[in-house]
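Here the structure comes first, spelled out in structure tokens, and everything after it is commentary.
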Amino acid sequence: MADLKSEARAEMEEDVRRFSVEWMGWIKTISIALTIVLLLHAFVFHLSKVEGHSMEPTLHDHDWLYVNKFVYLIGDPKVGDVVILEDPSDSPDKKLLVKRVVGVPGDRIEIRNRVLYRNGERVDESLYTNTDIEDLDFGPYEVPDDCYFVMGDNRHARASRDSRSFGPVIRDRISGRVDYIVWPTGDLGSL
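In terms of full-length UniProt numbering, the sequence shown has 28 at position 28, counting the first letter as 1, and numbering is strictly consecutive.
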């Protein structure tokens with residue numbers, strides 16, 4: 001009888017030990033996976049959702065975007081990049097904005113007679129917009145060091161709040177480059 005009890009007890013202790021080892025294995029696996037996901041989100045990529053119409057016809061309200069953060073850890077934004085940036089306004093609600101870079105440090109930006117000029121040359125915007133700029137003339141304006149001039153692709157009057165209203169965007173406020181539309185799948189593709 002004593003042998004039976006001690007055998008049952010040993011078996012129960014072995015079950016508890018096996019359960020503990022298995023449980024600790026799961027905790028370790030989940031912790032590693034969570035750490036990897038957090039590091040990827042912080043330094044490599046994230047998903048962002050478009051809210052509004054300022055980037056039409058390129059992007060539409062409720063599109064989901066793949067944002068490449070890594071690219072700006074090793075380089076700087078270039079003219080034509082579609083970027084995610086922190087809202088530079090003084091609003092307590094710090095939303096993310098999506099805009100196109102139209103000027104880099106040292107560029108002279110001007111809007112004259114409904115046309116965008118960079119460094120005195122007309123910019124061909126036919127690849128990403130289908131209308132002339134309807135807002136008032138702007139500039140000339142020289143983009144300061146470590147800053148970028150951004151605009152929404154929607155050129156209808158007052159359709160985009162961008163560098164024409166809030167000024168140049170400091171480099172540190174740009175968190176990544178939009179590389180793909182991931183949802184809806186009908187719009188799936190690279191920019």
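Just so you know, even glycine gets a beta-carbon here, dropped at the ideal spot from N, CA and C. Fair warning: this is a prediction, and the values are worked out from it, not measured in the lab.
field: Cβ-based neighbour list, Pro-140, same chain, cut-off 6 Å, excluding 5 preceding and 5 following
entry: Arg-108, Glu-110
- request: Excluding the 5 residues preceding and the 5 following Trp-183 in the sequence, name in chain order all residues of the same chain whose CB lies nearer than 6 Å to its CB.
  value: Trp-64
task: Note down, one range per segment and in chain order, each beta strand (DSSP E) of at least 3 residues found wholly within the segment 6 to 46.
output: none
- prompt: What does a CB cutoff of less than 6 Å around His-46 pick up in its chain, not counting 5 residues either side in sequence?
  reply: Val-67
- request: Determine the burial state of Asn-154: buried for a count of at least 16 other Cβ atoms within 10 Å of its Cβ, exposed for fewer.
  value: buried
- prompt: Thinking C-alpha only, which one of Gly-152, Val-101, Val-115 is nearest Arg-161?
  reply: Gly-152
field: beta strand (DSSP E) segments (min. 3 residues) lying fully within the UniProt domain "Peptidase S26" (24 to 183)
entry: 45 to 49, 64 to 68, 82 to 86, 96 to 103, 108 to 112, 115 to 118, 138 to 142, 147 to 151, 174 to 183
message: For Pro-77, which residues in the same chain have their Cβ closer than 8 Å to its Cβ, ignoring the five residues on either side in sequence?
response: Val-83, Val-101, Val-104, Tyr-148, Arg-171, Ile-174, Arg-177
- request: Quick one: residues in its chain with C-beta nearer than 8 Å to the C-beta of Gly-106, no 5 flanking neighbours on either side, listed in chain order?
  value: Glu-142, Val-143, Asp-145
field: Between the CA atoms of Arg-112 and Glu-121 - distance to the nearest angstrom
entry: 11 Å
field: CB contact flag (Glu-86, Lys-94, <8 Å)
entry: yes
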